[in-house]
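*Asks:* Please see the structure below; I have some questions.
Here is the structure:
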């Protein structure tokens with residue numbers, strides 16, 4: 028059996044074990060506790076080890092900028108295209124999708140598979156790329172949410188500068204970003220993992236090793252199997268993945284990447300699940316509306332929760348499928364074709380309805396003028 032398939036089966040087995048644990052870990056506190064351990068302990072340790080083993084080059088600093096451009100493209104796509112798919116423009120549902128559609132949460136859905144399939148250097152690339160995504164989910168998404176809140180509630184003359192400063196401070200204090208800063212400083216000084224005290228390096232390595240099993244168990248605990256509730260969300264996530272893959276495919280076509288690992292990072296990173304941070308901003312807006320006793324809501328929080336819940340297993344299975352294919356998706360053509368297929372698939376029902384609504388009349392038209400002239404001649 029090929030190594031890639033064996034690895035995929037072992038990862039899926041861990042997800043299945045997490046699903047079987049749902050009955051015993053069925054409280055929100057259980058999942059929140061596991062998520063804290065993953066995002067604040069295991070993931071920072073894994074990223075730190077990966078970064079300390081990479082050669083810091085100026086070219087890598089382009090990665091955050093590329094991802095931030097992706098955020099902007101997906102934001103514009105959600106604004107213009109989603110209304111055509113049945114979501115009323117600038118409705119609470121549309122604004123909710125626009126917050127989550129361009130966001131990424133690679134820590135839970137992408138990074139574990141980068142380290143398992145491609146190694147620590149690929150994970151370091153992903154971690155640096157995520158800096159650009161963090162700018163969107165922590166700062167720009169908040170500014171967009173507050174701008175919509177002021178518009179919907181018809182509030183003027185209020186500044187959110189203090190809140191933005193708090194978010195910038197929170198961004199610096201976040202464990203993953205702290206790890207990025209520390210690792211980049213140490214690398215710039217010519218240090219690596221071997222330069223650290225033995226006990227500290229061993230502790231970091233032990234924390235790093237629990238990352239993948241915890242994430243896979245968490246995915247299994249979070250998966251949803253009620254298709255009727257997730258059908259519309261699933262179709263829009265297909266559309267999102269299709270757009271992302273076509274963008275990646277065009278980049279592969281026009282630019283030469285240094286390795287197949289770099290190409291796979293480019294393909295799978297934008298397929299990460301939607302981030303929780305924009306939902307947190309929407310929750311803050313909802314709390315403000317609750318305090319004002321407003322019934323005119325800016326966002327649909329129920330929809331937002333469902334998007335997050337469906338997005339995680341969806342992205343995980345899609346990323347696993349791409350990795351299981353070996354190096355098939357390191358070339359532009361298969362990536363674009365897969366993206367085009369995922370892009371068109373959710374549009375098919377819309378196109379069928381549109382075609383049915385067209386009125387094609389192939390019958391010969393009647394000529395009342397001819398009949399009238401005939402009757403006049405007879406008269």
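In the numbering used here, the protein residues as written are 28 to 406.
Backbone N, C-alpha and C define an ideal beta-carbon position, used for all residues, glycine too.
Use the C-beta contact count for residue 33: other C-beta atoms within 10 angstroms, 16 or more gives buried, fewer gives exposed.
*Replies:* exposed
*Asks:* Which same chain residues, not among the five before or five after residue 222, have their C-beta less than 7 Å away from its C-beta?
*Replies:* Nothing meets the Cβ criterion.
*Asks:* Taking the runs of the beta strand (DSSP E) that are 3 residues or longer, which of them lie wholly in the segment 57-82?
*Replies:* none
*Asks:* Less than 8 Å between C-beta atoms, sequence neighbours within five positions excluded: which residues of the same chain meet that for residue 335?
*Replies:* 127, 300, 301, 303 and 306
*Asks:* I need the boundaries of the alpha helix (DSSP H) containing residue 317, first residue and last residue.
*Replies:* 303-318
*Asks:* Is the segment 162-169 touching the segment 105-116 in the sense that three or more CB pairs, one from each, lie closer than 8 Å?
*Replies:* no
*Asks:* Kindly give me the distance between the Cβ atoms of residue 293 and residue 279, rounded to whole angstroms, as I take these residues to be in contact under 8 Å.
*Replies:* 7 Å
*Asks:* Where does residue 215 land, buried or exposed, given buried means 16+ other C-beta within 10 angstroms?
*Replies:* Residue 215 should be labelled exposed.
*Asks:* Rounded to a whole number of angstroms, what is the C-alpha to C-alpha distance between residue 140 and residue 316?
*Replies:* 40 Å
*Asks:* I'd like to know if residue 138 contacts chain C, where contact means its C-beta is closer than 8 Å to some C-beta of that chain.
*Replies:* Looking for chain C here will not work: only one protein chain is present.
*Asks:* When the distance is taken between beta carbons, is residue 45 closer than 8 Å to residue 244?
*Replies:* yes
*Asks:* Please report how far the alpha carbon of residue 382 lies from the alpha carbon of residue 266, in whole angstroms.
*Replies:* 20 Å
*Asks:* Which residue comes first and which comes last in the alpha helix (DSSP H) that contains residue 373?
*Replies:* No alpha helix (DSSP H) contains residue 373, which DSSP labels as neither H nor E.
*Asks:* Measuring CB atoms only, is the segment 174-183 touching the segment 147-156, in the sense that at least three cross pairs come out at less than 8 Å?
*Replies:* Contact fails: fewer than three Cβ-Cβ distances are below 8 Å.
*Asks:* Rounded to whole angstroms, what is the Cα-Cα separation between residue 43 and residue 247?
*Replies:* 6 Å
*Asks:* Closer than 6 Å by C-beta to residue 202: which residues in its own chain qualify, once you throw out the five before and the five after it? Chain order, please.
*Replies:* 67 and 71
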